[in-house]
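There are 2 protein chains.
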Amino acid sequence: MKPIQVGLLGFGTVGSGVAKVLARNAEEIGRRAGRAIEVKRVAVRNIVKARAVAPAAVVEGLAFGNDFHAVVDDPEISIICELIGGTTLAKELVLRAIANGKHVVTANKALLALHGNEIFAAAQARGVTVAFEAAVAGGIPIIKALREGLTANRIEWIAGIINGTSNFILTEMRDKGAAFADVLAEAQQLGYAEADPTFDIEGHDAAHKLTILSALAFGIPMQFDKAYLEGISRLTQEDIAYAEQLGYRIKLLGITRRKANGVELRVHPTLIPAKRIIANVDGVMNAVVVQGDAVGQTLYCGRGAGSEPTASAVVADLVDVTRLLTADPEHRVPHLAFQPDRLVDLPILPIDAVETSYYLRLKAHDKAGVMADVTRILADADISIDAMMQKEPAEGVKVVDIIILTHIALERRVDEAIARIEGLATIAGSVTKLRLENLDK
Amino acid sequence: MKPIQVGLLGFGTVGSGVAKVLARNAEEIGRRAGRAIEVKRVAVRNIVKARAVAPAAVVEGLAFGNDFHAVVDDPEISIICELIGGTTLAKELVLRAIANGKHVVTANKALLALHGNEIFAAAQARGVTVAFEAAVAGGIPIIKALREGLTANRIEWIAGIINGTSNFILTEMRDKGAAFADVLAEAQQLGYAEADPTFDIEGHDAAHKLTILSALAFGIPMQFDKAYLEGISRLTQEDIAYAEQLGYRIKLLGITRRKANGVELRVHPTLIPAKRIIANVDGVMNAVVVQGDAVGQTLYCGRGAGSEPTASAVVADLVDVTRLLTADPEHRVPHLAFQPDRLVDLPILPIDAVETSYYLRLKAHDKAGVMADVTRILADADISIDAMMQKEPAEGVKVVDIIILTHIALERRVDEAIARIEGLATIAGSVTKLRLENLDK
Chain A
106 MKPIQVGLLG FGTVGSGVAK VLARNAEEIG RRAGRAIEVK RVAVRNIVKA
156 RAVAPAAVVE GLAFGNDFHA VVDDPEISII CELIGGTTLA KELVLRAIAN
206 GKHVVTANKA LLALHGNEIF AAAQARGVTV AFEAAVAGGI PIIKALREGL
256 TANRIEWIAG IINGTSNFIL TEMRDKGAAF ADVLAEAQQL GYAEADPTFD
306 IEGHDAAHKL TILSALAFGI PMQFDKAYLE GISRLTQEDI AYAEQLGYRI
356 KLLGITRRKA NGVELRVHPT LIPAKRIIAN VDGVMNAVVV QGDAVGQTLY
406 CGRGAGSEPT ASAVVADLVD VTRLLTADPE HRVPHLAFQP DRLVDLPILP
456 IDAVETSYYL RLKAHDKAGV MADVTRILAD ADISIDAMMQ KEPAEGVKVV
506 DIIILTHIAL ERRVDEAIAR IEGLATIAGS VTKLRLENLD K
Chain B
106 MKPIQVGLLG FGTVGSGVAK VLARNAEEIG RRAGRAIEVK RVAVRNIVKA
156 RAVAPAAVVE GLAFGNDFHA VVDDPEISII CELIGGTTLA KELVLRAIAN
206 GKHVVTANKA LLALHGNEIF AAAQARGVTV AFEAAVAGGI PIIKALREGL
256 TANRIEWIAG IINGTSNFIL TEMRDKGAAF ADVLAEAQQL GYAEADPTFD
306 IEGHDAAHKL TILSALAFGI PMQFDKAYLE GISRLTQEDI AYAEQLGYRI
356 KLLGITRRKA NGVELRVHPT LIPAKRIIAN VDGVMNAVVV QGDAVGQTLY
406 CGRGAGSEPT ASAVVADLVD VTRLLTADPE HRVPHLAFQP DRLVDLPILP
456 IDAVETSYYL RLKAHDKAGV MADVTRILAD ADISIDAMMQ KEPAEGVKVV
506 DIIILTHIAL ERRVDEAIAR IEGLATIAGS VTKLRLENLD K
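Chains as they are written, first to last, in the numbering used here: chain A, 106 to 546; chain B, 106 to 546.
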């Protein structure tokens, strides 16, 4: 089947990420979508600058041009990916793509919060889809969760950390006891905050996203102009410290809640109990909590910004539309995520071929030499030790607990080493083995 | 449009939950699905027992019967909801429903882990869908996230707390320092563990779910027989305590990871760094972490079992199929989750009509009577105090910080009270007001 042709509008952080992910994961994405997805044309303001954003291998196959309208009018293109931002040219191009009968994928929260009602009505009338998973919380599939995953529920409220810049600043203020202005300067240096940070730190960006979530949760039109905004720039170190002493953390939350007489729609610094999971979502991470009457609370957490996390959501939308244009409706989404004729036969590894870290607990007779024996056995088996703890035995007890954490090792070697350790005369009984995962990659 | 007719097989915890949620949220669900969803028939083994499970208002409109096959053969029924569990009769009925051209929604992880390959092939050949969001992690839409939300990614690994019973037991062992056997007995009393708990505590249930997640992540057939299982029954209090001292928590994790030579598929107690969010998912909650190459880590957390959380996922699948049978493919999922002609005009409330709790910081001249004045003003405004903290001033400083946390109050009243407090001669400067959310309902 002929590949789906995509037109990219914009090739900055997100646009180049989309091209990278589509190139790197082409095979995997094709197995899922049932069809290849190809970027036919890219429209940018500055071609030289755009070409410098991504590696040569990604850029060389792409047809760059300056004419945004020509891409939107190209009859061979089925999906327009709007990634230029802003609400003027972006709006014009999105409406023109819709009028041309093309599906649209956009990451533009401002555009949707301000003009979504008009755009969706046009798409509805023209029989096309406007997909926007990337518009809220980057790579977290929260739009899909709300539109499809939680449809059984009467949604009661949503609360979210949906601006990574603010969350980074608040986390640093708390961790380092630093003042707002100092942390902002640091965030700007790290590229987490713009030169003009107003949009992020005064809650505008979060309010755009919250407006979209609120509409999806309650079935109401977008009403960004009614949102209440309060940023983090006035927060002081002393309030953060006092909140901490009282058992709370301060986060910039977007909150939308259904009440008998209407809907709350507000973004402001908020004290939350420190023991809540969302209170522990730090740095540039985003998280959204949804309260539904049947499911209770569900929480979604991940990177809310950045090149590839945002591209992850854009490409998921591209796959969604591709599946729609490719398969029978009842087989749009394959049962096992990949097309049934494209499953692979990767073997399941036996447990002794697993590589991970280990926790070992030994009971040793408190005799000189036992540690030397044990560490020699581990060294012989190429198992390196990350940490070791010895618990002094209680008065009169002859057996001491030794706990060893290993670095990553092959389970078969660990088992062999354990057998040798258990054979030592200085070791009592059997060794307790538990697996340990750092989950950091 | 005529309502979609559903046949329910089974009316236990989950089946009755589905009936309750469909009844309670009929209006909201219809606005989302574009069509009403109606339970036409319910097949159960014991009608008297089944009728006693749900409130009279839910049960009275339902047609109960004993003949499972008759429901599956009913030509007016479009979707069969298999909620009887087990792998013998359930398998026969699901395959028969597929042969009859009906879509199937099931919560049966054992059935899919053991016979999914055969069932999905049959569905594919017959042109119907078998939906199974409820089979893994209850109300958390993790199947949808993997099949649709994360399609851009090469999935590297998944790690999940996907058995609530085990997580409850481990949480209690840690919090109370109690032995496994004692906590198991408590869990059985609370209804969190079965009389025969083997299935949950020895990892079978988690391995069924992990087998499904692994197939979805890597595009491989279901291979439950190759999964490695190790339960929590041998875990001792001392290992939990030692792990804690070393900065780790022990969780029963299901882990599946892609390696160069195959796929790891294993369920076992696992040490995880205590600062990881998933290490802090306690009690009966479930959580799944997915590592994708583009998005990085995303985490999904919520209730993994129970009547309505599981029903939430079953009904979401019913809505998915209903949308498929109702709308044009490109408008299957409405842009704003609800059908465009079924949006409502709930007003957005102004900020002074919001009700929440508040953090107030006052700077008071350290004079007798200031606390009495402030508390009287709050009492007059019907604002009750949850906590109060007074910071003794440093040597030579005349102004003392007073922090007040209020119970839930109307913002307008809080603002009025603040104006009165700021008018007191004993108060210096303006009052700092922050909002506080407990997020507990």
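Ideal Cβ positions, reconstructed from N, Cα and C, are used throughout, including at glycine.
Since the model is a prediction, treat every value here as computed from it, not as a measurement.
- In this chain, the beta strand (DSSP E) harbouring residue 353 of chain A covers 353-364.
- Residue contact with chain B for residue 331 of chain A: present (Cβ-Cβ distance below 9 Å to some residue of chain B).
- In the three-state reduction of the DSSP assignment, residue 404 of chain A falls in the strand class.
- Taking 9 Å as the cut-off, the beta carbon of residue 375 of chain A is found closer than this to the beta carbon of residue 542 of chain B.
- Counting only Cβ-Cβ distances below 7 Å, residue 136 of chain B has contacts in chain A at 324, in chain order.
- By the criterion of a C-beta distance shorter than 6 Å, residue 220 of chain A is surrounded in its chain by 196, once the five residues flanking it on both sides are discounted.
- The residue from B/384, B/325, B/362 with its alpha-carbon nearest to that of residue 460 of chain A is B/362.
- Interface residue (Cβ-Cβ distance to chain A less than 9 Å): residue 168 of chain B is not classified as such.
- For residue 347 of chain B, the enclosing alpha helix (DSSP H) begins and ends at 342-350.
- For residue 433 of chain A, a Cβ of chain B is located within less than 9 Å of the residue's own Cβ.
- The beta carbons of residue 463 of chain B and residue 519 of chain B sit about 5 Å from each other, so the pair counts as a contact at 8 Å.
- Ranked by Cα distance from residue 420 of chain A, the first of A/108, A/107, A/106, A/130 is A/130.
- Within 7 Å of the CB of residue 397 of chain B, the CB atoms of chain A belong to 417, in sequence order along the chain.
- Across the set B/403, B/333, B/337, B/349, the C-alpha of B/337 shows the shortest separation from the C-alpha of residue 302 of chain B.
- Counted as a single uninterrupted DSSP element, the beta strand (DSSP E) harbouring residue 540 of chain A occupies residues 532-541.
- Using a CB distance below 8 Å, the part of the region 497-530 of chain B facing chain A consists of 506, 508, 510, ordered along the chain.
- Ranked by Cα distance from residue 405 of chain B, the options B/194, B/265, B/120 are led by B/265.
- According to the DSSP secondary-structure assignment, residue 187 of chain B is paired through a beta bridge with B/114, B/211.
- The beta carbon of residue 182 of chain B lies closer than 6 Å to those of 110, 112, 145 in the same chain, with the five residues before and after it left out.
- Taking 9 Å as the threshold, the shortest C-beta distance from residue 297 of chain B to chain A does not fall below it.
- Chain-ordered, the chain B residues with CB closer than 8 Å to the CB of residue 466 of chain A read 343, 344, 347.
- The beta strand (DSSP E) runs of length 3 or more contained entirely in the region 283-326 of chain A do not exist; there are none.
- Residue 250 of chain A has a beta carbon lying within less than 9 Å of a beta carbon in chain B.
- Neighbours of residue 406 of chain A in chain B, taken as residues at a C-beta separation under 7 Å, are given in chain order as 382, 403, 404.
- With its beta carbon at least 9 Å from every one in chain B, residue 108 of chain A lies outside the interface.
- In this structure, DSSP gives residue 137 of chain A a helical state, which the three-state scheme calls helix.
- Chain A has no Cβ within less than 9 Å of the Cβ of residue 223 of chain B.
- Around the CB of residue 489 of chain A, fewer than 16 other CB atoms lie within 10 Å, so the residue is classed as exposed.
- Rounded to whole angstroms, the separation of the alpha carbons of residue 257 of chain A and residue 126 of chain B is 7 Å.
- Excluding sequence positions up to five before and after residue 447 of chain B, its CB lies within less than 6 Å of the CB of 136, all in the same chain and listed in chain order.
- DSSP places residue 412 of chain A inside the alpha helix (DSSP H), whose first and last residues are 412-431.
- Residue 118 of chain B is a Cβ neighbour of residue 411 of chain B, given a cutoff of 9 Å.
- Inter-residue distance for residue 332 of chain B and residue 441 of chain A is about 18 Å (C-alpha atoms, whole angstroms).
- Setting aside the 5 residues that flank it on each side, residue 261 of chain A is surrounded in the same chain by 362, 363, 396, 397, 398, each with a C-beta closer than 8 Å to its C-beta; the list follows chain order.
- Taking a Cβ-Cβ cut-off of 8 Å, the neighbours of residue 436 of chain B in chain A comprise 229, 232, 234, given in sequence order.
- Within the region 362-381 of chain B, contact with chain A at the beta-carbon level (separation under 8 Å) is assigned to 363, 364, 366, 367, 368, 369, 370, 371, 373, 374, 375, 376, 377, 378, 381.
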